[in-house]
Amino acid sequence: MDWSDMRIFLAIARSGSLGGAARELGVSHPTVGRRLQVLEQASGQAFFLRTAQGLVLTDSGERILGLAQDMEHSALAIERRLAGHGDQPEGLLRISSAEWFACHVLSPVLSELVHRYPLIVPEVIAGHRLFDLARRDADIAFRIVPFTEPDIVHRKLTTLSYGLYAALHAPAPQRDGEGLGLILMNIAQSHYPDVQWLQQRYPLARTVFTSSSRTVQAQMCAKGLGVAVLPRVLGDSVSGLRLLDEDEPPPGRDIWMGYHQDLRQMDRLRALADLASNMIGAG
Numbered sequence: 001m002d003w004s005d006m007r008i009f010l011a012i013a014r015s016g017s018l019g020g021a022a023r024e025l026g027v028s029h030p031t032v033g034r035r036l037q038v039l040e041q042a043s044g045q046a047f048f049l050r051t052a053q054g055l056v057l058t059d060s061g062e063r064i065l066g067l068a069q070d071m072e073h074s075a076l077a078i079e080r081r082l083a084g085h086g087d088q089p090e091g092l093l094r095i096s097s098a099e100w101f102a103c104h105v106l107s108p109v110l111s112e113l114v115h116r117y118p119l120i121v122p123e124v125i126a127g128h129r130l131f132d133l134a135r136r137d138a139d140i141a142f143r144i145v146p147f148t149e150p151d152i153v154h155r156k157l158t159t160l161s162y163g164l165y166a167a168l169h170a171p172a173p174q175r176d177g178e179g180l181g182l183i184l185m186n187i188a189q190s191h192y193p194d195v196q197w198l199q200q201r202y203p204l205a206r207t208v209f210t211s212s213s214r215t216v217q218a219q220m221c222a223k224g225l226g227v228a229v230l231p232r233v234l235g236d237s238v239s240g241l242r243l244l245d246e247d248e249p250p251p252g253r254d255i256w257m258g259y260h261q262d263l264r265q266m267d268r269l270r271a272l273a274d275l276a277s278n279m280i281g282a283g
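Numbering-wise (the UniProt record's numbering), the sequence shown opens with residue 1 and increments by one.
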């Protein structure tokens, strides 16, 4: 069995369907079906059982799953090592970060990167998903959540201040928040410190809007829907918002940068990491 066979096998095992595997691998549904059929015929084993809920591993499939994962680990390590040794800083550089961070903090760094190294093509994948750097879902990530994965080189770049914002002409909120609307992160991010700070600050207020996007929160706040805690770099740049004077401002957040150790010699990644450290980093 070669690695291309194992990629098909693992994609089906993870997704539980031919369609899901096809989307993961970027190939057609029939292609995955044909490749699985050839694999099972060549080995004389059935690796998946067709059920109403999808494809599930048979005993034969379970026996080779760990070995297939070991093959994937080795293949991805080879890919990362090869990517880490280029002759000049050029090529695609996949960058993961939140949308507001890419717009208001990272954009000057990326502009300088392209100016200095015109052959590098940054690709920003904006969102809150924590990408798997070992599988090269992204080459480098900027996030507010510390990196705990093994083999990740990471450092804290800086700490960003957050503020409490309301629409420009909205009345000052009551001390206990009675009649006030709260604009918060969604349920998946409800554990964020700023969410808890805002709810404790105004115990009688009610949640009127939630979103995983700080940019969307800022716009809804500017329309007078309620108050929102936003990064200062975002909130101060949105017209129609005013910063509320607070004795105790909301908690700031640390910004972390990380990439897989096998990519530490990739010249285009190194160029961005150095620029980010110099232009954003706290030293």
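Just so you know, even glycine gets a beta-carbon here, dropped at the ideal spot from N, CA and C.
Note that the coordinates shown come from a computational prediction; the quantities given were computed from them, not determined experimentally.
- In the structure shown, the three-state DSSP call for E112 is helix.
- In this structure, the beta-carbon distance from D247 to L204 does not fall below 7 angstroms.
- Burial check for R35: the Cβ neighbour count within 10 Å reaches 16 or more, so the residue is buried.
- Residue nearest to Q196 within the set A141, V229, A166 and A218 is V229 (criterion: CA-CA distance).
- Beta-bridge partners of D254 (DSSP): T159.
- With a cut-off of 8 angstroms on Cβ pairs, the segment 117-127 is not in contact with the segment 64-80, counting fewer than three such pairs.
- DSSP, read as helix, strand or coil, puts E123 in strand.
- Distance from the Cα of L55 is smallest, within the candidate group D236, V216 and F9, for F9.
- The Cβ atoms of A141 and G258 lie closer than 7 angstroms to each other.
- For the options R264, D194, Q53 and H169, the alpha carbon positioned closest to that of L160 is the one of D194.
- The DSSP assignment places complete alpha helix (DSSP H) segments of no fewer than 4 residues inside the segment 20-85 at 29-43 and 59-83, in order along the chain.
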